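Read in order, the letters of the sequence shown are residues 1 to 268 in our numbering.
Quick notes on the structure that follows.
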Amino acid sequence: GAGQLRMIGEPDARYQEDPVRMLRAIRFATKLGFRIEQQTESPIFELAGLLEQIPAARLYEEMLKLLMSGVAEQTLEQLRHYNLLAPLFPQTSKALDADESGVAQSFIQLAMRNTDARIQEEKPVTPAFLFAALLWEPVRLKAQALRDQGKSWIESLQLAGDLVVREQVQRVSIPRRFSMPMRDIWTMQARLDRRNGKRAFRLMEHKKFRAAYDFLLLRTEVGECGPELADWWTEFQSADENKSRTMAADVGGGKRRRRRRKPNPNQA
Numbered sequence: 001g002a003g004q005l006r007m008i009g010e011p012d013a014r015y016q017e018d019p020v021r022m023l024r025a026i027r028f029a030t031k032l033g034f035r036i037e038q039q040t041e042s043p044i045f046e047l048a049g050l051l052e053q054i055p056a057a058r059l060y061e062e063m064l065k066l067l068m069s070g071v072a073e074q075t076l077e078q079l080r081h082y083n084l085l086a087p088l089f090p091q092t093s094k095a096l097d098a099d100e101s102g103v104a105q106s107f108i109q110l111a112m113r114n115t116d117a118r119i120q121e122e123k124p125v126t127p128a129f130l131f132a133a134l135l136w137e138p139v140r141l142k143a144q145a146l147r148d149q150g151k152s153w154i155e156s157l158q159l160a161g162d163l164v165v166r167e168q169v170q171r172v173s174i175p176r177r178f179s180m181p182m183r184d185i186w187t188m189q190a191r192l193d194r195r196n197g198k199r200a201f202r203l204m205e206h207k208k209f210r211a212a213y214d215f216l217l218l219r220t221e222v223g224e225c226g227p228e229l230a231d232w233w234t235e236f237q238s239a240d241e242n243k244s245r246t247m248a249a250d251v252g253g254g255k256r257r258r259r260r261r262k263p264n265p266n267q268a
């Protein structure tokens, strides 16, 4: 059977001395495929909240190690199991608890699984994509509420992204060099929909296009959105110049908007 991870000394006291040891136990056990020995694991459930006292910058470093280990999918499952996700990502934890359909959970699992696969294949991985995926459900829910108040989808995603990041960095201080591209990935979920005329070509030039497109593929794969948009972009990217121009011209959005501008004779 699998090996066991055992804490030297009194686990309870060791965790209280430095609560980050709970995260280390998870990281080593998951990485080595070990089980955490019962006396080492049982205090974690009760003491998880102690992580709230740890500086957000230190927790960011720990979080990176956990997610870039090549076993992010299992690691995240373990964090949830031991009540450790709530002190680290309170908004995500709350959104997952309320996730009746299981779509949000599937989305995060798939994002982590894909990241793990990339790490195994020694392909580059950006923390921005990982954190964007982890925080997507809270962003989506907030954006949906703003959209229901009549704001545009792009503006809703921008505002929601700002609010969620601002709250998140108090617990795990994701640096701006990653939180800025995270916001791009989120708002581009709306921009990818506005793809008529020259817009589609401009979007493809955006430095975050590839990440935003991959993000859209994940959302599509878990059934969060229908396949039409992802299929369109997949085809558009491989189309030759004539075909891609025709595709962009055929997107419905542009034509409708022009018609609305005609002066209405009844207003005279």
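Positions of the beta carbon are idealized from the N, C-alpha and C atoms, including for glycine.
Quantities reported herein were computed from a predicted structural model and do not represent experimental measurements.
Residue i (DSSP reduced to helix, strand or coil)
i      : result
Ile119 : helix
Ile174 : coil
Gln149 : coil
Leu192 : coil
Ile36  : strand
Check whether residue i and residue j have beta carbons under 8 Å apart
i      : j      : result
Glu137 : Asp99  : yes
Ile26  : Tyr82  : yes
Gly70  : Asp116 : yes
Pro87  : Gly49  : yes
Asp184 : Lys208 : yes
Leu157 : Trp186 : yes
Val20  : Glu62  : yes
Leu51  : Leu59  : yes
Gln105 : Leu96  : yes
Contact set for residue i: own chain, Cβ-Cβ below 7 Å, skip 5 residues either direction
i      : result
Pro43  : Pro11, Asp12 and Tyr15
Lys142 : Ala160, Leu163 and Val164
Leu64  : Pro127
Thr220 : Pro227 and Ala230
Leu85  : Leu79, Thr92 and Ser93
Pairwise C-alpha distance: residue j and residue i
i      : j      : result
Ile119 : Leu67  : 10 Å
Leu217 : Gln4   : 38 Å
Gln144 : Ala190 : 12 Å
Val172 : Leu134 : 12 Å
Gln53  : Gln39  : 23 Å
Pro124 : Arg113 : 14 Å
Cys195 : Ala2   : What sits at residue 195 in the sequence shown is Arg, not Cys. Roughly 51 Å between the two C-alpha positions.
Met180 : Val139 : 14 Å
Thr30  : Met22  : 12 Å
Neighbourhood of residue i by C-beta distance below 8 Å, restricted to the same chain and skipping five residues each side
i      : result
Phe178 : Thr126, Pro127, Ala128 and Phe131
Leu192 : Leu203, Ala212, Tyr213, Leu216, Leu229 and Trp233
Cut-off 6 Å between Cβ atoms - residues of its own chain near residue i, not counting five sequence neighbours on either side
i      : result
Thr246 : none
Met182 : Ala128, Phe131 and Ala132
Would the stretch 232–250 and the stretch 196–208 be scored as touching if the rule is three or more Cβ pairs under 8 Å?
By the Cβ criterion, the stretch 232–250 is in contact with the stretch 196–208, since at least three pairs of Cβ atoms, one from each stretch, lie closer than 8 Å.
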